[in-house]
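S.K.:
Protein chains in written order, with full-length UniProt numbering: chain A, 1 to 370; chain B, 1 to 370.
Following this line, the structure appears as structure tokens:
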């Protein structure tokens with residue numbers, strides 16, 4: 001990448017907060033001192049200002065359009081990240097219902113959701129992939145969900161382990177499906193009508209840290225009790241159009257720009273999925289075609305489009321890999337301490353050139369060190 | 001202000017999110033595509049990256065230095081705004097203690113805190129200024145706080161009504177004092193050792209929307225039960241150095257720059273207070289010295305340094321005032337619907353020239369229309 005165009009930017013494989021489209025960053029930069037027509041920076045503008053309300057609605061409509069979300073669903077912009085969702089979901093949708101919340105656990109984020117969920121409600125883990133150190137996702141015949149479960153919760157892509165559901169888990173029609181899509185939101189088209197609630201922190205695939213998008217079937221908004229802390233009740237946010245209190249205005253503004261980039265520059269989620277499949281295939285090919293030098297963590301069927309996780313033959317080679325990759329302007333590749341090895345996060349905004357550069361480096365490194 | 005330097009920026013009297021120092025916005029703009037030495041934008045960087053952790057610590061140390069905060073206090077960066085604090089405070093510090101939380105209510109924000117607080121704990125409003133439509137703050141002989149209250153909560157500056165406590169309320173030494181300082185944080189020096197907990201959303205006086213600073217006496221961290229939603233337990237955030245989950249990285253980064261501006265460019269909080277007194281006096285003089293044309297909302301002793309609220313003789317003149325002020329590049333002056341009239345918010349980042357321009361406009365407008 002040219003230093004003049006990008007001011008010494010490198011290919012950034014960070015797992016989150018993560019790469020954003022350069023064109024979006026440039027727009028933000030251009031508008032930083034003064035949003036056109038506003039007389040001030042977006043950072044300085046009241047969230048009640050019509051200009052900001054239009055920005056918020058544009059961001060919402062961008063997401064609605066990309067995912068083809070019907071009016072049966074609310075789109076909310078929240079704070080507190082997945083961590084607060086871990087509590088809000090059971091507190092709103094299971095607590096005091098007499099029903100059990102069901103969870104499928106395929107990695108660290110699912111486990112965290114379980115730890116918070118069990119404080120709030122009756123509870124059952126219907127599948128836990130711990131025995132395999134979370135290298136796979138279950139097939140429908142491996143778990144059982146009763147018709148009167150409060151909901152089924154799963155994490156569609158486990159960032160740390162690099163495992164992703166190819167399709168949604170199967171649930172009885174009476175059971176709302178709830179997904180933590182923080183790390184694969186907007187990576188491919190999907191059928192929102194299958195979901196009761198899908199949420200995503202923006203900072204992996206959709207924007208900066210500080211905003212969480214929740215797409216929620218409107219009938220479920222009614223389940224939360226008014227005795228909950230007001231911020232935790234989804235209905236408050238829905239009724240106030242995400243302005244029950246001051247929303248994270250800047251993060252929403254950037255999120256809206258990312259949605260527009262996806263629609264206009266990329267061509268929508270089907271086009272984005274095609275690119276994501278190409279990028280991930282480059283890396284999985286490098287894992288598979290180097291005579292076993294690299295060992296992938298996820299089983300083939302559960303390989304993530306977003307986070308490619310693999311190990312090297314020794315800790316020494318791992319350290320050497322990270323060091324030499326850095327010299328090739330390939331950064332933030334070290335895996336999470338709980339899994340080790342390498343994690344290459346290739347979210348939507350990672351250009352194909354970045355995946356090509358890493359694949360090429362992997363092939364070279366294997367030849368020289370294998 | 002010159003159009004070339006500031007790209008058609010006007011004097012922005014928004015109550016929040018609100019004006020930021022132009023020099024801070026310029027730094028953010030310069031670094032938007034690539035933080036020096038990072039290879040990527042701050043927006044794209046992992047919160048576990050050492051560069052970001054240093055930024056977080058710089059922001060914390062900037063606040064510690066400005067307010068002379070001792071190691072007996074934790075400084076936390078949280079999400080969810082004041083709204084979530086309204087619930088976190090009683091849930092951590094009063095719930096299940098057998099003690100009553102005490103509240104002084106001098107405006108809208110205090111009332112909101114009461115509405116959430118009473119869901120969580122035993123409860124007493126020891127003073128409510130509602131009868132005066134919140135135009136004053138009580139003196140110490142107007143309320144009574146028992147030695148075994150869980151805490152005393154108050155809002156040091158009520159943005160909507162424009163009333164501010166000149167000094168902290170008086171509490172027994174056994175009772176932690178808790179302040180919502182969202183709209184006057186860092187506006188003047190104060191003695192943190194008087195407080196059990198002071199919190200502030202950044203978006204009025206200290207940064208952009210999306211981060212809330214909590215300065216909390218460390219012994220109080222222990223009061224929150226582990227059965228609370230994890231995000232709501234202060235101790236989790238303190239033990240993880242505000243990285244219990246992904247913090248709002250960009251807002252913290254800007255907050256750190258604002259703290260540095262306060263220390264280095266302004267010269268600290270005593271210097272800031274002097275400027276704030278001068279700015280507010282310009283506007284209060286314009287209210288007082290125009291033969292009763294303007295009617296201030298707050299009684300003189302409780303006038304806010306941050307939000308100057310007043311009314312005009314008629315709704316027609318009010319509309320004309322707002323319209324003509326806009327033509328003079330004085331924006332966001334309309335008061336909150338619950339009080340009406342004008343609200344001129346003159347937080348730290350409003351330059352003295354802005355207050356001078358508004359005072360001059362007020363004098364002219366009164367001459368022509370009085």
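Beta carbons: idealized from backbone N, C-alpha and C, even for Gly.
Would you kindly work out how many angstroms separate the C-alpha atoms of residue 286(A) and residue 21(A), rounded to a whole number?
M.R.: Each residue's Cα considered, the two are about 25 Å apart.
S.K.: Could you please tell me which residues of the segment 22 to 52 of chain B, in chain order, have their CB closer than 8 Å to any CB of chain A?
M.R.: For the segment 22 to 52 of chain B, which is checked against every Cβ of chain A, the residues closer than 8 Å are 22, 25, 26, 28, 29, 32, 33, 34, 39, 40, 41, 43, 44, 45, 46, 47, 49.
S.K.: Is the shortest distance between the beta-carbon of residue 398(A) and the beta-carbons of chain B less than 7 Å?
M.R.: Here chain A has residues from 1 to 370 only, and residue 398(A) is not among them.
S.K.: If we ignore side chains and look at the alpha-carbon of each, how far apart do residue 12(A) and residue 83(B) end up?
M.R.: Spanning the two alpha carbons is a distance of roughly 35 Å.
S.K.: Taking contact to mean at least 3 C-beta pairs separated by less than 8 Å, is the segment 83 to 102 of chain A in contact with the segment 178 to 198 of chain B?
M.R.: Counting Cβ pairs under 8 Å, fewer than three are found: no touch.
S.K.: Would you identify the three-state DSSP class for residue 128(A), choosing helix, strand or coil?
M.R.: DSSP places residue 128(A) in strand when its eight states are reduced to three.
S.K.: Report all residues from its chain with a CB closer than 7 Å to the CB of residue 41(A); omit the five preceding and five following residues, and keep chain order.
M.R.: Same-chain partners within the cutoff: 32, 33, 34, 35.
S.K.: Between the beta-carbon of residue 161(A) and the beta-carbon of residue 299(A), is there less than 7 Å?
M.R.: In this structure, residue 299(A) does not lie closer than 7 Å to residue 161(A) by Cβ.
S.K.: According to DSSP, is residue 5(A) part of a helix, a strand, or is it coil?
M.R.: Caution is warranted here: a pLDDT of 41 is assigned to residue 5(A), below 50, making its placement in the model unreliable, and the coordinate value is therefore given only provisionally. Residue state, collapsed to three classes: helix.
S.K.: I think residue 163(B) touches residue 106(B), with their Cβ atoms under 8 Å apart; what is that distance to the nearest whole Å?
M.R.: Right, the Cβ-Cβ distance comes to about 6 Å (below 8 Å), so this counts as a contact.
S.K.: When you compare the CB of residue 231(B) with every CB in chain A, is at least one pair closer than 7 Å?
M.R.: Output row for residue 231(B): interface = yes.
S.K.: With DSSP as the reference, label residue 200(B) as helix, strand or coil.
M.R.: Strand, per DSSP.
S.K.: Going straight from the alpha carbon of residue 172(A) to that of residue 102(A), what length do you get?
M.R.: Each residue's Cα considered, the two are about 12 Å apart.
S.K.: One question on the structure: do residue 207(A) and residue 258(A) come within less than 7 Å of each other, judged by their Cβ atoms?
M.R.: Yes.
S.K.: Counting only the same chain and skipping the five closest in sequence on each side, list residues whose C-beta sits under 8 Å from that of residue 27(B).
M.R.: Excluding sequence neighbours, residue 27(B) sits near 257.
S.K.: Out of 292(B), 305(B), 47(B), 254(B), which has the shortest C-alpha to C-alpha gap to residue 314(B)?
M.R.: Selected option, being the one with the closest Cα: 292(B).
S.K.: At 4 residues or longer, what runs of the alpha helix (DSSP H) sit wholly inside the segment 181 to 268 of chain B?
M.R.: Whole alpha helix (DSSP H) segments, 4+ residues: 218 to 221, 234 to 239, 249 to 260.
S.K.: For a contact defined as C-beta to C-beta under 8 Å, what are the partners of residue 381(B) on chain A?
M.R.: This structure does not reach residue 381(B), given that chain B is present from 1 up to 370, and the question cannot be answered.
S.K.: Can the beta-carbon of residue 283(A) be found less than 7 Å from the beta-carbon of residue 181(A)?
M.R.: No; because the gap between Cβ atoms is not below 7 Å, this pair is not in contact.
S.K.: Listed in chain order, which residues of the segment 67 to 79 of chain B have Cβ atoms closer than 7 Å to some Cβ of chain A?
M.R.: Hits within the stretch, in order: 79.
S.K.: Output, in chain order, the set of chain A residues within a Cβ distance shorter than 7 Å of residue 116(B).
M.R.: Simply 229, 230.
S.K.: Between 231(B), 265(B), 175(B), 215(B), which lies nearest to residue 190(B) when the distance is taken from Cα to Cα?
M.R.: With distances taken between Cα atoms, residue 190(B) lies closest to 215(B).
S.K.: What distance in whole Å lies between the Cβ atoms of residue 224(B) and residue 92(B), which are believed to be in contact at a cut-off of 8 Å?
M.R.: About 3 Å separates the two Cβ atoms, so the contact holds.
S.K.: Express the C-alpha separation of residue 17(B) and residue 43(A) in angstroms, rounding to a whole number.
M.R.: Roughly 7 Å separates the two Cα atoms.
S.K.: Taking the runs of the alpha helix (DSSP H) that are 4 residues or longer, which of them lie wholly in the segment 83 to 165 of chain B?
M.R.: Within the segment 83 to 165 of chain B, the complete alpha helix (DSSP H) runs of at least 4 residues are 108 to 120.
S.K.: Using a Cβ-Cβ distance under 7 Å, would residue 14(B) count as near chain A?
M.R.: Output row for residue 14(B): interface = yes.
S.K.: How long is the line joining the alpha carbons of residue 39(B) and residue 312(A), rounded to whole angstroms?
M.R.: Using only the alpha carbons, I get a separation of about 25 Å.
S.K.: If you follow the beta strand (DSSP E) that residue 345(A) is part of, which residue opens it and which one closes it?
M.R.: Where residue 345(A) is concerned, the enclosing beta strand (DSSP E) stretches over 342 to 345.
S.K.: What are the boundary residues of the beta strand (DSSP E) that residue 293(B) is part of?
M.R.: From DSSP, residue 293(B) is part of no beta strand (DSSP E); its letter is neither H nor E.
S.K.: At which residues does the beta strand (DSSP E) containing residue 61(A) begin and terminate?
M.R.: Residue 61(A) -> not in any beta strand (DSSP E); alpha helix (DSSP H) instead, spanning 50 to 67.
S.K.: Touching or not, the segment 124 to 144 of chain B and the segment 347 to 362 of chain B, by the rule of three or more beta carbon pairs under 8 Å?
M.R.: Counting Cβ pairs under 8 Å, fewer than three are found: no touch.
S.K.: Any Cβ of chain A within less than 7 Å of the Cβ of residue 179(B)?
M.R.: Residue 179(B) does not count as touching chain A.
S.K.: Report the residues of the segment 119 to 139 of chain A with a CB closer than 7 Å to any CB of chain B, ordered along the chain.
M.R.: Of all residues in the segment 119 to 139 of chain A, 119 have a Cβ within less than 7 Å of some Cβ in chain B.
S.K.: With 7 Å as the threshold, decide whether the Cβ of residue 361(B) is near any Cβ in chain A.
M.R.: Closer than 7 Å: no.
S.K.: Just how far apart, CA to CA, sit residue 237(B) and residue 220(B)?
M.R.: Near 13 Å, if we compare the C-alpha coordinates of residue 220(B) and residue 237(B).
S.K.: Which same chain residues end up closer than 7 Å to residue 2(A) when comparing Cβ atoms and leaving out the 5 residues on each side of it in sequence?
M.R.: Residue placement at residue 2(A) is poorly supported in this model, since its pLDDT is 36, which falls under 50; the coordinates still yield a value, given next. Cβ neighbours of residue 2(A) beyond the five flanking positions: none.
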